[in-house]
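Participant: One structure, pasted below without further comment.
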Amino acid sequence: MWQSRRSELTLVGLFVWYILSVGVFITLLLPFVVPQHQLAQFFIPECTWQSQFHKPCAFCGMSTAFYAISRGDFAQAYHLNPLSLYIYFTFLLNTFYAAITLKRNIRLVKNIAAPLHQGSVLS
Numbered sequence: 026m027w028q029s030r031r032s033e034l035t036l037v038g039l040f041v042w043y044i045l046s047v048g049v050f051i052t053l054l055l056p057f058v059v060p061q062h063q064l065a066q067f068f069i070p071e072c073t074w075q076s077q078f079h080k081p082c083a084f085c086g087m088s089t090a091f092y093a094i095s096r097g098d099f100a101q102a103y104h105l106n107p108l109s110l111y112i113y114f115t116f117l118l119n120t121f122y123a124a125i126t127l128k129r130n131i132r133l134v135k136n137i138a139a140p141l142h143q144g145s146v147l148s
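Sequential numbering of the sequence shown, starting at 26, is according to the numbering used here.
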């Protein structure tokens, strides 16, 4: 019983991590697909912290810095937001690790659907 429950939770955790990794991959891919001026017009809201306190938050300049990193301009990215380099490369490592893990566990991932169809996951 306990082992079955534990394996179900492991599968759910793995599945959630893969979904989050897809979001991270899209974040890394966005600067190559959407021009920066379009992203600013449609996706990025005004920073609430900066509008209320008139000081930049820890993530101010992150989107522009990701575009700079995508162009290979690491100095500009660091100037825009020093955390951007660390976060970008952490996202990149996560994406590579998720791809490698997915390749290794493809059989396990295929079995995720079976418990979902039976209604046994977390019930």
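Where a beta carbon is used, it is the ideal one built from N, C-alpha and C, also for glycine.
Might you give, ordered along the chain, the residues of its own chain that have their beta carbon closer than 7 Å to the beta carbon of A102, omitting 5 neighbours on each side?
Facilitator: As a position in the sequence shown, residue 102 is number 77, starting the count at 1. Cβ neighbours of A102 beyond the five flanking positions: A90, A93, I94, S109, L110.
Participant: Mapping the DSSP letters down to three states, classify H62 as helix, strand or coil.
Facilitator: Numbered from its first residue, the sequence shown carries residue 62 at position 37. In the structure shown, H62 sits in a helix (DSSP, three-state: H, G or I).
Participant: L53 and F121 look like a contact to me (Cβ under 8 Å); what is the Cβ gap, rounded to whole Å?
Facilitator: As a first step, residue 53 must be located in the sequence shown, where it is residue number 28. As a first step, residue 121 must be located in the sequence shown, where it is residue number 96. Contact doesn't hold; Cβ gap of about 11 Å is too wide.
Participant: When the Cα atoms are used, what is the spatial distance from C85 to F99?
Facilitator: Stepping through the sequence shown from its first residue, residue 85 is reached at position 60. Stepping through the sequence shown from its first residue, residue 99 is reached at position 74. Taking the straight line joining both Cα atoms gives about 17 Å.
Participant: What three-state label does DSSP hand P56 in the structure shown?
Facilitator: As a position in the sequence shown, residue 56 is number 31, starting the count at 1. Of the three classes helix, strand and coil, the one that applies to P56 here is helix, per DSSP.
Participant: Measure the alpha-carbon distance for N130 versus Q75 and round it to whole angstroms.
Facilitator: Residue 130 sits at position 105 when you count from the first residue of the sequence shown. Residue 75 sits at position 50 when you count from the first residue of the sequence shown. Taking the straight line joining both Cα atoms gives about 43 Å.
Participant: Taking V41 as the reference, which of A123, Q66, V59 has the closest Cα?
Facilitator: For this step, residue 41 is matched to residue 16 along the sequence shown. Per the Cα distances, A123.
Participant: The alpha helix (DSSP H) that contains A90, what's its start and end?
Facilitator: Here residue 90 is taken as the residue at index 65 of the sequence shown, counted from 1. It spans 87-96 - the alpha helix (DSSP H) in which A90 sits, taken as one unbroken run.
Participant: Would you identify the three-state DSSP class for F84, choosing helix, strand or coil?
Facilitator: As a working mapping, residue 84 is identified with position 59 in the sequence shown. F84 falls in the coil class under three-state DSSP.
Participant: Just checking my contact of N119 with V49 at CB under 8 Å: how many whole Å lie between their CB atoms?
Facilitator: Residue mapping note: residue 119 aligns to position 94 of the sequence shown, counting from 1. Residue mapping note: residue 49 aligns to position 24 of the sequence shown, counting from 1. Between V49 and N119 the Cβ distance is about 6 Å, and since that is below 8 Å, they are a contact.
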